[in-house]
Every structure is written in C-alpha cells, then in structure tokens.
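Colleague: Take a look at this one; I'll ask things after.
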Amino acid sequence: MHRRIVQAGNTVVPALLALESLGFSFEVSGDSVVAHRGPEEYVAADPVALLGLVRLVELRSWDWAASDSKIDETLLRYGMG
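Written as structure tokens, this is what we have:
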C-alpha cells in the first residue's frame, strides 16, 4: 500500500503531540517555535520542522553536521548542486 504525507496545516498539531510524547516543552518566540527537553534546545519555523531537527539529532547525534566533501557529494547525487 502506498502511503503519503504532505506538510500542511493538518500536520502541525500531530507534530506537537509527537514532540510532547518525547518529553519536550514549547514556546513561541517571534517567528520560531522553541522546544526544550532537559539541556536540549531546538528552534525551527514550525513544529513539523522542529520534529525533523529532533529526528536529525536522533539519527546523527549532536555531531549532525556534514563535512564539506559529504555536502558536495550528496548535493551532486541528488542533482541539487
């Protein structure tokens, strides 16, 4: 079965609920949403992007950044560079 999800207004509350279930608290600061959990702080434009940052750190740890060579290689592979 093909499944699809698109970021839209109806994904905001589910993203907040998912983040709450992971133990985060939130605040809105200007145009950003800020999530806190212990010493961790995540800042994004919306809750869905915030959830993406949390997942990025879960998968790559706090050493999430890619090296220059990985950036070039990956952008080329996906036709973005």
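In this text, residue positions in the sequence shown follow this note's numbering: the first is 7, and each later residue adds one. Glycine residues also receive a C-beta, built at the ideal position from the N, C-alpha and C atoms.
Can you check the stretch 8-65 for any alpha helix (DSSP H) of at least 4 residues that lies completely inside it and give the ranges in chain order?
Modeller: The stretch 8-65 contains these whole alpha helix (DSSP H) runs: 18-27.
Colleague: Label Pro53 either buried or exposed according to how many other C-beta atoms from any shown protein chain fall within 10 Å of its C-beta, with 16 as the threshold for buried.
Modeller: The count along the sequence shown starts at 1 and reaches residue 53 at position 47. Its Cβ being crowded by 16 or more others within 10 Å, Pro53 is buried.
Colleague: Indicate the three-state DSSP secondary structure (helix, strand or coil) for Ser67 in the structure shown.
Modeller: As a working mapping, residue 67 is identified with position 61 in the sequence shown. Coil, per DSSP.
Colleague: Is it right to say Ala21 is buried, meaning 16 or more other beta carbons lie within 10 angstroms of its own, or is it exposed?
Modeller: For the purposes of this step, residue 21 is taken as residue 15 along the sequence shown, with counting starting at 1. It is buried - the Cβ of Ala21 has at least 16 other Cβ atoms within 10 Å.
Colleague: Alpha carbon to alpha carbon, what distance is there between Leu23 and Phe32?
Modeller: In the sequence shown, the residue the question calls residue 32 occupies position 26. In the sequence shown, the residue the question calls residue 23 occupies position 17. Rounded to the nearest angstrom, the two C-alpha atoms are 11 Å apart.
Colleague: With distances taken Cα to Cα, identify the nearest neighbour of Leu25 among Arg61, Ala51, Gly36 and Pro45.
Modeller: Working through the sequence shown from its first residue, we reach residue 25 at position 19. Here the closest residue by C-alpha is Arg61.
Colleague: What are the start and end residues of the alpha helix (DSSP H) that includes Ser75?
Modeller: In the sequence shown, the residue the question calls residue 75 occupies position 69. Per DSSP, Ser75 belongs to the alpha helix (DSSP H) from Asp74 to Arg83.
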